[in-house]
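Asks: First, the structure itself, so that you have it in front of you.
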Ligand code: A2P
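In my numbering, the protein residues as written are -19 to 320.
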């Protein structure tokens, strides 16, 4: 039987993540019948490349989804909230990278290495949510540990790249760095403080409880993906002057007896994980090495000597690829193969 092919739309095609989504569709040889690239009216008429062909960007409207099988959205929460229901009405399944639908009980929140079967729930609203970038790279290694040892509590601190904020933030880090080393004045447009040569413990808006929205995303999304509301999760999310790839210091406490040696063996076989852990040779996961890759890199795996069943680890992944575009395309692949 010939392979089934699909009409695909990318909403937010001109953005950093949208662009990477297009590359992922090409690289992974997604079974594409046709592509439609959508963005705001500002970009309508621009041309983008797909597999050697030039594709004209169209303005995203309520009518964009007629005849489309799968629409992959990365155009901001407001845009997803407004337009995803129009896509669903046309029987077009949405894979949404924004936070708009993630905690909706009728929308599956999926990391393919962790809970691929949750995709079946897409029929309720016609929408599947892609988790937050920091959550994705945390649950990829923690899921096998949770299944075997039962995680009681997670304490995570993130070191997040500016590309997570979008292209404007990448430019801001570059411009401020250049200004600083030339003793020139710099501008602050994207972040409330200088990001060059600085660390900002502030990602997304502050909430009434003193945590940021990003921190609470890590708490709530982790519980939803691991399907366990009893796990304690506490997060501190920090923006650092790195262009691509987020790093995370993760501490866990488990119910069953655990050791660093066992965790290393388990993670060496875990899907989507690469253990990079040879401190004697200065080998551990690094943001620059993870950039452009689709795996989640784990190292510095060691026993937390301050508690009975505690483990520390350092986890790094490309926030634009595994943290966003690759994860979304992996979801679309399973959807296409198993459900459409
Ligand atoms: P545009 O380039 O026309 O502004 P990033 O996160 O890198 O800033 O990218 C955001 C993406 O979302 C871009 O493709 C942007 O298109 C698109 N976008 C933003 N607002 C809208 C909107 N109201 N309607 C459609 N696309 C939008």
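Here a beta-carbon is modelled for each residue, glycine too, at the ideal position from N, C-alpha and C.
(1) Under the DSSP definition of a beta bridge, which residues are partnered with residue 28?
(2) Could you check the C-alpha separation between residue 217 and residue 294 for me, to the nearest Å?
(3) Is any heavy atom in the ligand A2P found nearer than 8 Å to the beta carbon of residue -6?
(4) Just the Cα atoms here: how many angstroms apart are residue 15 and residue 28?
(5) Shortest alpha-carbon distance to residue 267 belongs to which of 227, 261, 236 and 235?
(6) In the DSSP assignment, what residue or residues form a beta bridge with residue -16?
(7) Would you mind sorting residue 173 into buried or exposed? The rule is 16 or more other CB atoms within 10 Å of its CB.
(8) From what residue to what residue does the beta strand (DSSP E) around residue 226 run?
(9) Comparing alpha-carbon positions, which option in 306, 316, 208 and 318 lies nearest residue 110?
(10) Residue 139 lies in the beta strand (DSSP E); which residues open and close that run?
(11) If you draw a straight line from the C-alpha of residue 165 to the C-alpha of residue 277, how long is it?
(12) Thinking C-alpha only, which one of 103, 253, 175 and 98 is nearest residue 72?
(13) Does DSSP put residue 266 in a helix, a strand or coil?
(14) Work out the CA separation of residue 63 and residue 143 for me, nearest whole Å.
(15) What does DSSP give as the partner residues of residue 214 in its beta bridges?
(16) Could you tell me how far apart the beta carbons of residue 141 and residue 224 are, in whole angstroms, since I believe they sit closer than 8 Å?
(17) Within 9 Å of any Cβ in chain B, is that where the Cβ of residue -15 sits?
(18) When you compare each of 10, 38, 3 and 13 to residue 20 by their alpha carbons, which one comes out closest?
Replies: Taking the definition as stated:
(1) In DSSP, residue 28 forms a bridge with 35.
(2) Distance from the CA of residue 217 to the CA of residue 294, rounded to the nearest whole angstrom, comes to 14 Å.
(3) Under cutoff, so the answer is yes.
(4) Computed Cα separation, rounded: 11 Å.
(5) That would be 227, whose Cα lies nearest to the Cα of residue 267.
(6) Residue pairing by DSSP leaves residue -16 without any beta bridge partner.
(7) Exposed, since its Cβ has fewer than 16 Cβ neighbours within 10 Å.
(8) In the DSSP annotation of this structure, the continuous segment of the beta strand (DSSP E) that includes residue 226 starts and ends at 226 to 234.
(9) Among 306, 316, 208 and 318, the Cα nearest to that of residue 110 is on 306.
(10) 131 to 140 is the span of the beta strand (DSSP E), which, as asked, contains residue 139.
(11) Their backbone Cα atoms lie some 37 Å apart in a straight line.
(12) Nearest option by C-alpha distance: 103.
(13) Residue 266 falls in the coil class under three-state DSSP.
(14) For residue 143 and residue 63, the distance between alpha carbons rounds to 25 Å.
(15) DSSP lists 135 as partners of residue 214.
(16) That belief holds up - the Cβ atoms of residue 141 and residue 224 are roughly 5 Å apart, short of 8 Å.
(17) The displayed structure is made up of one protein chain only, and chain B is not part of it.
(18) Nearest of 10, 38, 3 and 13 to residue 20, Cα basis: 38.
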